[in-house]
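K.L.:
I have a structure here, written as structure tokens, and I will follow up with some questions on it.
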Amino acid sequence: MCMLELMEEYLIDKFFYLSYMKDCIFCSIVRGEAECVKLWEDDGFMAILDINPNTKGCTLVIPKKHHDSYVFDMDDGVYQRFFLACREVSKMLEKGLGVKRVGMVFEGLGVNHAHIKLYPIHGLKDTFQELFSERTVYFDKYEGYLTTEMGPRKNYDELRKVAEEIKHNL
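Here is the structure:
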């Protein structure tokens, strides 16, 4: 290896190390300091089984470099690679667990390190079938979790007011 290649390798390793946060559990996992069950990885991302799964195969996809948990503020290139990594892991979950679909969530409020949660959706039939929860929910504030259960039906006047509020505050 020539001196230039050695310097380049050193700087890349040094930059990668500096991108970690000392007290971040996901950074500790990436560094190999905290235990995990790794499902997949490439040079920029890692998929681990969730230690608190609410369904079999619940998986977290994390960037190896520390990024704030609000993924919508990510650099476009990282954001795109993140979603491509999730698609690859989702295909693994589909095939490995025999599920037809995988859900994806990224609220990012449990750990301040970007992560996307993949939920294998067990029990679906081979052909598409509309499925809805029998209950409805509505939250005025974040309750510590997200749900895809529908809320109470709103009329279009109420929805227009919300749209106006959003647009007015831009």
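Heads up: the sequence shown begins at 592 in the working numbering, then just goes up one per residue. Glycine included, C-beta positions come from ideal geometry on N, C-alpha and C.
#1: What does the alpha-carbon distance come out to for the pair G742 and Y736?
#2: Does the distance from the CB of R693 to the CB of S681 come in under 7 angstroms?
#3: If we ignore side chains and look at the alpha-carbon of each, how far apart do P711 and M695 end up?
#4: For L684, which residues from the same chain have a beta carbon less than 7 angstroms from its beta carbon, with the 5 sequence-adjacent residues on both sides left out?
#5: What three-state label does DSSP hand G714 in the structure shown?
#6: For a test of the three-state rule: what should DSSP assign to A705, helix, strand or coil?
#7: Residues bridged to K629 by DSSP?
#8: Cutting at 8 angstroms between CB atoms, please list the residues of its own chain near G701, excluding the five before and the five after it.
#9: Report the three-state DSSP secondary structure of R678 (helix, strand or coil).
#10: Note down the Cα distance separating S660 from D667, rounded to an integer number of angstroms.
#11: Using 7 angstroms as the threshold, is the C-beta distance between I706 and H657 below it?
#12: For I639, does the count of other Cβ atoms within 10 angstroms reach 16, so buried, or fall short, so exposed?
#13: Look at the alpha carbon of G699 and the alpha carbon of I616, and state the distance between them as a whole number of angstroms.
#14: With which residues is I653 paired in a DSSP beta bridge?
#15: Look up G694 in the DSSP assignment and give the residues it is bridged to.
#16: In angstroms, rounded to a whole number, what distance separates the CA positions of A676 and L630?
#17: What does a CB cutoff of less than 6 angstroms around M697 pick up in its chain, not counting 5 residues either side in sequence?
P.N.:
By the coordinates alone:
#1: Locating residue 742 in the sequence shown gives position 151, counting from the first residue. Locating residue 736 in the sequence shown gives position 145, counting from the first residue. Their Cα atoms are separated by approximately 15 angstroms.
#2: Your numbering for residue 693 matches position 102 in the sequence shown. Your numbering for residue 681 matches position 90 in the sequence shown. The question names Arg, but residue 693 in the sequence shown is Val. Cβ atoms of V693 and S681: closer than 7 angstroms.
#3: By one-based count along the sequence shown, residue 711 stands at place 120. By one-based count along the sequence shown, residue 695 stands at place 104. When rounded, the separation of the alpha-carbon atoms in P711 and M695 is 9 angstroms.
#4: Sequence index remark: in the sequence shown, residue 684 carries index 93 (1-based). The residues are G648, T650, V690, V693, L709, P711.
#5: By 1-based counting over the sequence shown, the position of residue 714 is 123. Three-state DSSP puts G714 in coil, outside helix and strand.
#6: Taking the first residue of the sequence shown as position 1, residue 705 is located at position 114. In the structure shown, A705 sits in coil (DSSP, three-state: anything other than H, G, I, E or B).
#7: As a first step, residue 629 is located in the sequence shown; it is residue number 38 there, counting from the start. Paired residue(s): I639.
#8: Mapped onto the sequence shown, residue 701 falls at position 110. Contacts found: none.
#9: Looking up residue 678 in the sequence shown gives position 87. Under the three-state reduction of DSSP, R678 is assigned to helix.
#10: Position 69 of the sequence shown, counted from the start, is the residue given in the question as residue 660. Position 76 of the sequence shown, counted from the start, is the residue given in the question as residue 667. If you draw a straight line from the Cα of S660 to the Cα of D667, it comes to about 15 angstroms.
#11: As a position in the sequence shown, residue 706 is number 115, starting the count at 1. As a position in the sequence shown, residue 657 is number 66, starting the count at 1. Here residue 706 turns out to be His, not Ile, going by the sequence shown. No. Outside cutoff.
#12: For the purposes of this step, residue 639 is identified with residue 48 of the sequence shown, where counting begins at 1. I639 is buried by the Cβ-count criterion.
#13: As a first step, residue 699 is located in the sequence shown; it is residue number 108 there, counting from the start. As a first step, residue 616 is located in the sequence shown; it is residue number 25 there, counting from the start. Going from the Cα of G699 to the Cα of I616 covers about 14 angstroms.
#14: Stepping through the sequence shown from its first residue, residue 653 is reached at position 62. DSSP, once it has assigned bridges, lists M637 as partnering I653.
#15: As a working note, residue 694 is residue 103 in the sequence shown. The partner list for G694 (beta bridge, DSSP) reads Y710.
#16: To locate residue 676, count along the sequence shown from 1; it is residue 85. To locate residue 630, count along the sequence shown from 1; it is residue 39. A676 and L630: Cα-Cα distance of roughly 12 angstroms.
#17: As a working note, residue 697 is residue 106 in the sequence shown. For the record, residue 697 in the displayed sequence is Phe; it is not Met. These residues qualify, in order along the chain: V662, I707.
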